[in-house]
């Protein structure tokens, strides 16, 4: 016993000495200027902590180069996490080994480089075993939407992005990308974990992914990247939230919450999508699930809850490939496993042959025709529950003849299924597992579990319960005493930042004259209301909208604009989201009623015009190239005596871009608008940019289009979703009111056309190939 | 000490008991009929040996299904290895786990299935952890060349083909293939080791690989197949000896000996080609090295010795890719490492941009144009030794601007280099390492070794010496006391079989009349000579040639054939290789002088006609579809008064096939041959079937081609190598003597044309796309 104590005591002494030695060799260096930082980095030894003093660092380009060790990394951290603000033209680059950066807040600026954060400092100098953690990047957008960049780009191997909050990217380019060009970056085992990917607004075209793993050019490379335990909230940039383009990635235990897109195995193979939550609201049909292209993916243990996405966005979308596809197009789906997933109240969750376009063989080259159906694919051991029965849980856009269906159960609430592929009907009960999720976890234990090749590697369910001893179909084996709190944001992102906004009472500023109007508009906070007393407000300079604001009339207010020709009465700046309500807006013929900025639209705008009258302008609305609004609405409003109407047609690069996601015209009167009455353009053949939405409803167009050179009243070429219903077109001197794109979702109904040309449907539209 | 002894003795007892128990539970079952075998298989338990009694088994389809264990496999073996002959329509299929087959000899037959040996018994029932070893497959060809099959096809995982001798495949299809369709066969870690791949004759077109790993359709799959320690001897089937089409394969320590082809990373990525010997003879320019396509391959520690292959067959051929290539065409080369290789007396060993065809943009679709040059590729730490200096060790068919060259040394014996890319000139000494190989191993220790990413994983040299402590460039660190015996065939293949043939004195059979001629021809052994005394031999039935035989005249012998119209005087059967020497061969106008069989040409024939006179036939030579000869030669021979000449143009499938590898016409006189004077056809655009060789030299063509419908005297459309030199063409009523294919190796020189049309060169020939 005595000996034992001596040994123990010696051991403690020895360990303590070790510790002391460690801390002796480390330094904890507070820096507050670029020079001090550079010096500190230059001299950094393993174990050193370089501490950035609290404060704002503007135009600050950090290059952290160092050689830490596994036990003694070199760290660069904020004095107080969240109190070090990186602003202006700033960036962070890291290369070396075992480096850690934490606590920084990137805001009010953008990167002068192609990345905000790059895990390399030059093409050959990359980071390995390095980490960026507990940081925030917010709205750090380039000045123009077309100036693509990547906020975080991984190079090297074994790097980590963890516990960060990243949100608000509006310019082109994925938010986070893993680069695999070069042997220095393959088999990287990077980790993207515990982050909170906050709202990424709709981008209006492609290149708006939240995470992209590689590119088609490196789609043959083993990446082995892990994306786990992240919250994706309103990641609406484009149809792909995560675009996996390399091999052997693992996407596990993430929560996709109200995100308008899907996890897509776009290129590359053998990706595991395991135990994720896809949570919708049962209404929005933009929320998607998992879209499968290529070979060998395993989609297991996922829960789809009230996901209403269809076709490309359906919970499980298995695409058709192009036979012998070019590298950057669509390989055939083969050897894919879709097993042990649970689907609750998600419409037509299994869709096969998605993207088939055999019918478009006339307008597309052979190398674009997706006719190769999935092969050797297993859809097994899944559970579907529909509180409202679904006649078509399985949709075959093309035959699913290469798919094995087995041991799948459905509770369809008695509704007959047209195309069941052996779905076993059961009556199931739901169990509440928290986060508003109720799921079926029992009632199918009599269904024999299908055992495919290597299925023994699926060892656990969605909640981590072992499948080894007692197994059953579906994502969840057992939900007893489970109370998930998936949307508890403290579990994700930086511990010092929350994107929860306190509800705030909107403040109403009443104004009675122009100078008050201008002053209050400047003074108002986002969300406030400017209320105009009855009267005429004559302005000669544009009103600037650079926040969310409502301008409304109290009584009968009229704004008369006498500014220079081709300038707007109301100028929409980045973040400028205007609701105009009950206002008469008048020009002198040569100006614009509303316009975006010609350049530097570094963030989106918004426009909602209600109960108003727009008259005597050159343009009612002029939206310049690179400007984007998620929604533009005119409601109960008249537009009259204008040379041009609503103009959103400058995105002519034919790369799939457009100027607004939704253009809604409801209950409006267009009178004597001479040309470009509605001009809304999207160009480029891109089956996966499925955007652009035009709704024209209950409106009247009279004496419009007289000067329209192309003879079409409503121009919406390339817009994917068009609804023209219940309108009256009278005495418009055009050949066509509209030419609809039949192959897409372009429809009209119940329109009255008097002396106004015709509405025509063209099934297939010849489009420029984007790729 | 006493205790120790007791423990040891107990241990021995225990071990012995274990052994006894094992052998008690095993059975050793001798079977000799199909029924007995099936019974034995049905009842087989782990550890059982099923023994096939010595003898010949005809039309014997073996289906070995069983469940052995790692310690106790189920084996099926020959009573005496090599004394169990599997003949006729026979095959072997295996499924289950831990199965072993050994000692079988497949000969005198072919498989009724698509495989001779398959590691599966049905699409879903595959073998795992199973082995075929110490077996021989010899000439087990299908009856027709176009009846493709695979002699050994791998399915499942962890299977092995070892110590087998496999040779003589003449029909279409790789000799051995690893199949990866389905998750049951990926990450297979199959081993193809210690085999002797004996001669595979030229096939005359594509689909003649010795080993193929997957296919373009599974080129995204991880295969992890090992091909190691094999001898490849005269594997001449086509330009690819090993065609790797999947990922992560390892090709290590093999000997490629006088094999007319290359190791090709045709599809798939990240293949390691490490420590192989490529041994040529300094003359034959068909012996190749390693041809690289795609991403991430490592070509390290290889020795190239007297390899004279050029372009596609050069020691290191780095191809151009097709931008965004279709799945089955050519991906760009990226991230490839060519390091630590040694090249001795191998011409222009490094060739880049191989396969560039930008010049052919007019005749090829854009999706066929190989214009994408290699990227991020490193050619470093290599050593070149040329006993005769080479002005162009580096050939750039297209710019090697994406290649890093570093730390490469050359001893060029004083000859200046035009395009050195930093090659460091040294004077080097050679060391004899056995097998006739002399290599430079020192003289460059002052050259700093280039260290690329992950180069630390190259831990040993070609001979297994560690690179970790003292390293230098080149394949061999140190060759002291090394005496390799790479061509000792006892190290490879089945231990009971050798392909060494004892030299045998050719026996001469002298004959004086027709019946003797017929009798002796039948009686002769392969290699014998039939000598005809002076005189006229009138025959009315075809002489059958089904072995290697020479028919020659002693004095002045004449064979006159009076058989049926359109039958041959001399009929060439499978294996029939005839040398005809000094014979006058006469027909009666309607017959053929020589012809192959119309069907069932299950093996190649050969024809060498010297000092002879062929006259009065319908055809001098008629070769039917699916017949193939490696070489056909006419020398010092006249062909006169024939309706047709030499006819080798039935391979019109345009899949790259043709009827002879070499057609040589030397010092011959063609007189009054009315049409098809020479007809030799190869069709289909296939850049990698670089075959067909026509040599017409020192010959005279007089009054020929009068009835030729296409107006061309020498028809050789699609033949890649054509040499027409020093000939005289007189009074041939044709428009063209020849139309040469300029983009390929078609040349003419020093020909005299009198009243015979012209020779024209067409740079680009429009060909049907094969893929």
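Residue numbers (our numbering), protein chains in the order written: chain S, 7 to 777; chain G, 7 to 777.
From the three backbone atoms N, C-alpha and C, an ideal C-beta is built for every residue, glycine too.
Best match in the options for proximity to residue i [C-alpha to C-alpha]
i              : options                           : result
residue 102(G) : 85(G), 132(G) and 116(G)          : 132(G)
residue 390(G) : 373(G), 433(G) and 375(G)         : 433(G)
residue 5(S)   : 753(S), 422(S) and 594(S)         : Residue coverage of chain S in this structure runs from 7 to 777, which leaves residue 5(S) outside it and unanswerable.
residue 765(G) : 734(G), 147(G) and 775(G)         : 734(G)
residue 39(G)  : 73(G), 91(G) and 33(G)            : 91(G)
residue 560(S) : 548(S), 553(S), 542(S) and 569(S) : 542(S)
residue 651(G) : 637(G), 666(G), 628(G) and 664(G) : 628(G)
residue 586(G) : 638(G), 375(G), 34(G) and 774(G)  : 638(G)
residue 130(G) : 122(S), 375(S) and 382(S)         : 382(S)
residue 470(G) : 481(G), 461(G), 462(G) and 460(G) : 481(G)
residue 377(S) : 499(S), 462(S) and 337(S)         : 337(S)
residue 236(G) : 166(G), 214(G) and 85(G)          : 166(G)
Alpha helix (DSSP H) segment containing residue i, residue limits
i              : result
residue 618(G) : Counting along the chain, residue 618(G) falls outside any alpha helix (DSSP H), and DSSP gives it neither H nor E.
residue 46(S)  : 40-48
residue 525(S) : 520-529
For residue j and residue i, believed in contact at Cβ under 8 Å, the rounded distance
i              : j              : result
residue 386(G) : residue 456(G) : 4 Å
residue 780(S) : residue 227(S) : Since the first and last residues shown for chain S are 7 and 777, residue 780(S) lies out of range.
residue 366(S) : residue 323(S) : Not really, about 19 Å apart at Cβ, beyond 8 Å.
residue 372(S) : residue 333(G) : Going by Cβ atoms, the distance from residue 372(S) to residue 333(G) rounds to 14 Å, so no, they are not a contact pair.
residue 584(G) : residue 566(G) : The Cβ separation is near 18 Å, so there is no contact.
residue 144(G) : residue 113(G) : 5 Å
Where residue i falls: helix, strand or coil (DSSP)
i              : result
residue 206(G) : strand
residue 365(S) : helix
residue 29(S)  : Any reading at residue 29(S) is ruled out, since the residue's pLDDT is 37, under 50, leaving its predicted position unreliable.
residue 758(G) : strand
residue 103(G) : strand
residue 462(G) : helix
residue 602(G) : strand
residue 727(G) : strand
residue 558(G) : strand
residue 444(S) : strand
residue 189(G) : helix
residue 319(S) : helix
Proximal chain A residues relative to residue i, where beta-carbon distance stays under 8 Å
i              : result
residue 159(S) : No chain A appears in this structure, whose protein chains are S and G.
For residue i, the first and last residue of its enclosing beta strand (DSSP E)
i              : result
residue 637(S) : 635-641
residue 356(S) : 356-360
residue 469(G) : Note, residue 469(G): premise wrong, no beta strand (DSSP E); not H, not E.
residue 574(S) : 574-578
Query raised in the report: Does the pairing of the region 104-111 of chain S with the region 130-145 of chain S give three or more beta-carbon distances under 8 Å?
Result: Counting C-beta pairs closer than 8 Å gives three or more between the region 104-111 of chain S and the region 130-145 of chain S, which meets the contact rule.
Query - At least 3 beta-carbon pairs within less than 8 Å: the region 144-160 of chain G vs the region 171-181 of chain G - result: Contact annotation: the region 144-160 of chain G touches the region 171-181 of chain G, with at least three C-beta pairs closer than 8 Å.
Query raised in the report: Pairing CB atoms from the region 607-620 of chain G with CB atoms from the region 179-188 of chain G, are three or more of them under 8 Å?
Result: Segments in contact, no.
Query raised in the report: Can we say the region 196-203 of chain S touches the region 679-690 of chain S, given the rule of at least three CB pairs closer than 8 Å?
Result: Put simply, the region 196-203 of chain S does not touch the region 679-690 of chain S. Fewer than three CB pairs are less than 8 Å apart.
Query raised in the report: For the region 498-517 of chain G against the region 447-462 of chain G, are there 3 or more C-beta pairs whose distance is under 8 Å?
Result: No: the two stretches stay apart, fewer than three of their Cβ pairs being nearer than 8 Å.
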